[in-house]
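Residue numbers (UniProt numbering): 1 to 467.
Have a look at the structure below, then the notes.
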Amino acid sequence: MDPATGPSLGLYDYDLLVIGGGSGGLAVAKEAAGRRKKVLILDLVAPTPRGTKRELGGSSFNKDNIRKFLQQATLLGKAVKDSQKYGWRFRQEVSHGWSELVQAVQEQQKSASLELSRELRSCSVVHLSARGEIVAPHTVEVTEMNGRKRRLTAETLVVATGDRPQYLDVPGGTEHCLTSEDLFSLPHPPARTLVVCGDAEGLECAGFLFGLGLQVTVMLQPELLLGLDQKMAEKIENYMSVEGVDFLHHCSLSKVLLAVGRKACTADIGLECVGVQCSQDTGRILVNERDQTSVDHIYAIGSVQHGRPSTTGLSLHAGTLLARRLYGGDSILCDYTVVPTVVLTPLEYAACGLSEEKASLTFGEDNIEVYHSYYWPHEWTLPARNKNSCYVKVICHVPDQERVVGLHIMGPNAGDILQGFVTAMRCGLTKQQLDATVGVHPGAAQVLTSLTQTQRMSEALMLRGNC
């Protein structure tokens, strides 16, 4: 018997049908199947317009793996240079092999995709490489790769189609443009590259290419790291500029070499047919605090949601909680406020909570205090790397016992340093508690336990120094 058309469950073929194989969709599917629900995932893993193959796991899952590999390739190159100060000598000149890296990354992605397929089979989730379009309440038309069509029904639908890198609408955009997904389809490294972006993904690509010794120019569209702390974004730009990456501001395009930007995959899946409301500006789906759309039996998870942060970890967490609410009797909602994020630029940036701009807008500038400090990682001292590159700041809400509402780190392993502080922030971390924490020495994270300088103090010192 065809597993996709097996015995019906009362009125429906499935308890849960997930459109899209993103990380959130996989999480809700596996959790629901673990609670003995009949689950189907529809995920047409179509190639990019330039023919680059996509693997199971969704854009965010695959993208995050690649992001980490690219950053590590860059860091290893830097470490080779630093190693001479630690006494290492090489018998021959060190060089980078693009094809070896490409092959290793592609093989790892295939392996990860196969492992995901095995996981789905082991928990009895039915997975079809097919396109799903909602054509009526509780009803999805399934189109397989051979063109075969059929209709399946489900009590609950979850949209987890995520987003995809987009090509810019300029002459030559499709023919001469590469997205981040296409980068590892190149048989050889690109020549001088123009990265058109303002987001984290574009900066990461730029940092990676530059770290391999390639010439890179970043054209900001419209500004750097929109939605993240802008003072931190300026520091990242400054660091990359000092290293040698060129930045262009207030420029327009006529031809494109490389472009990075993402667009929600909400078109042509039938949302308008059943009245699922989307943002007119972003095309992303409007949801309530339970991740429910404007149609009761349809939910949305991950980057397809409008107005919410989007990370792989958050999507996995939200998907698991959604399945527990639907089938486990739980009532716990996903907290979309205290969410950690990391930008894997050559000098890593990690943040949790509010940006300084958002904190000022939310509480009023007079009601927040920003503690900050530059620091010099111990391992940077022998190779004499720039002493004023790494930086932390902690944003506190003064009337609420100086509760920490934003924490920002720019330096090596920033994401790993941040992780434990995320838990503390969820428990209501205050500046006094942070100060009472014993720091690990030697180690970079201890800088967060001994912050005494505030931005107001620093600005006052600068003004006095300029007089």
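Cβ atoms here follow ideal geometry from the backbone N, Cα and C, with glycine treated the same way.
Q: Return the CA-CA distance between L75 and E133, expressed in angstroms with no decimal places.
A: 43 angstroms
Q) Taking the C-alpha atoms as reference points, what is the distance between L40 and D169? A) 35 angstroms
**Q.** As assigned by DSSP and simplified to three states, the class of D199
**A.** D199 falls in the coil class under three-state DSSP.
Q.
Among the candidates C251, F184, D13 and S111, whose CA atom is the shortest distance from the CA of L194?
A. C251
Q.
Taking the alpha carbon of K37 as the reference point, which residue from G87, V126 and T52 has its own alpha carbon closest?
A. V126
Q: Check each candidate in G10, E155 and T312 and name the one with the smallest Cα separation from E65.
A: The identity of residue 65 in the sequence shown is Asn, whereas the question assumes Glu. Comparing Cα positions, the closest option is T312.
Q.
On the DSSP letters alone, give me the boundaries of the beta strand (DSSP E) that F247 sits inside.
A. D246 to L248 is the extent of the beta strand (DSSP E) around F247.
Q. Could you give the distance in angstroms between the alpha-carbon of Y12 and the alpha-carbon of R35?
A. 18 angstroms
Q. Using the beta-carbon count (16 or more within 10 Å), is L258 buried or exposed?
A. Unreliable positioning characterises L258 in this predicted model, as indicated by a pLDDT of 48, which lies under 50. The coordinate reading is nonetheless provided below. Looking at its Cβ environment, which holds 16 or more other Cβ atoms inside 10 Å, L258 is buried.
Q. Which residues bound the alpha helix (DSSP H) around L220?
A. No alpha helix (DSSP H) contains L220, which is instead part of the beta strand (DSSP E) from V216 to L220.
Q.
So if DSSP puts L11 in a beta bridge, which residue, or which two residues, is it bridged to?
A. None, per the DSSP bridge assignment.
Q.
Buried or exposed for C273, going by 16 or more other Cβ atoms inside 10 Å?
A. exposed
**Q.** Selected residue, minimal CA-CA separation from A79, among Q446, P383, H397 and S389
**A.** Of the listed residues, the one whose Cα sits closest to A79 is P383.
Q: Determine which residues share a DSSP beta bridge with I368 and list them.
A: Beta-bridge pairing links I368 to H397.
(Q) Give the list of continuous beta strand (DSSP E) stretches no shorter than 3 residues that lie fully inside the region 387 to 456. (A) 390 to 397 and 403 to 410
Q.
Do V422 and F363 count as a contact pair if the criterion is CB distance below 9 angstroms?
A. no
Q: For H372, collect the residues of the same chain with a Cβ closer than 8 angstroms to its Cβ; drop the 5 residues on either side in sequence, then sort them by chain order.
A: Y391, V392, K393, V394, L451, Q453, T454, Q455 and S458
Q | DSSP three-state assignment for G132, whether helix, strand or coil | A | strand
Q: Quick one: grab the DSSP three-state call for residue 479.
A: Missing from the structure shown is residue 479; the chain here goes from 1 to 467 and no further.
**Q.** Proximity to T430 [Cα-Cα], best of A414, L407 and Q419
**A.** Nearest of A414, L407 and Q419 to T430, Cα basis: L407.
Q. In whole angstroms, what is the alpha-carbon distance linking D296 and V158?
A. 11 angstroms
Q) Would you call I368 buried or exposed, if buried means 16 or more other Cβ atoms sit within 10 Å of its Cβ? A) buried
Q | Where the alpha helix (DSSP H) containing V242 begins and where it ends | A | Q230 to E243
Q | Backbone CA spacing between A267 and P309 [nearest angstrom] | A | 21 angstroms
Q.
How far does the beta strand (DSSP E) with A351 in it extend, from its first residue to its last?
A. Y349 to G353
Q.
Quick test of your reading: H306 and T282, contact by CB under 8 angstroms. State the CB separation rounded to the nearest angstrom.
A. 6 angstroms
Q.
Let me make sure I understand the geometry here. Which of G415, R426 and L347 has the alpha-carbon closest to that of A445?
A. G415
Q.
Quick check: what's the CA-CA separation for A323 versus E237?
A. Each residue's Cα considered, the two are about 41 angstroms apart.
Q) Between A112 and L16, which are expected to be in contact by the criterion C-beta below 8 angstroms, what is the C-beta distance as a whole number of angstroms? A) Incorrect: roughly 24 angstroms between the Cβ atoms, too far for contact.
Q: Determine the DSSP secondary structure at S310, reduced to helix, strand or coil.
A: In this structure, S310 counts as coil in the three-state DSSP scheme.
Q: For R464, count neighbouring C-beta atoms within 10 Å of its own C-beta (all shown protein chains included) and say buried if the count is 16 or more, exposed if not.
A: Note on R464: under 16 other CB atoms within 10 angstroms of its CB, so exposed under the neighbour-count rule.
Q: Sort out for me which residues DSSP pairs D163 with in a bridge.
A: A264
(Q) Can you give me the C-alpha to C-alpha distance between F69 and C396, rounded to a whole angstrom? (A) 34 angstroms
Q.
Going residue by residue through the region 288 to 336, where are the continuous alpha helix (DSSP H) segments of at least 4 residues, counting only ones entirely within it?
A. 312 to 327
Q. Buried or exposed: V447, going by 16 or more other Cβ atoms within 10 Å of its Cβ?
A. buried
**Q.** Beta-carbon proximity list for G328, same chain, < 7 angstroms, skipping 5 on both sides
**A.** R35
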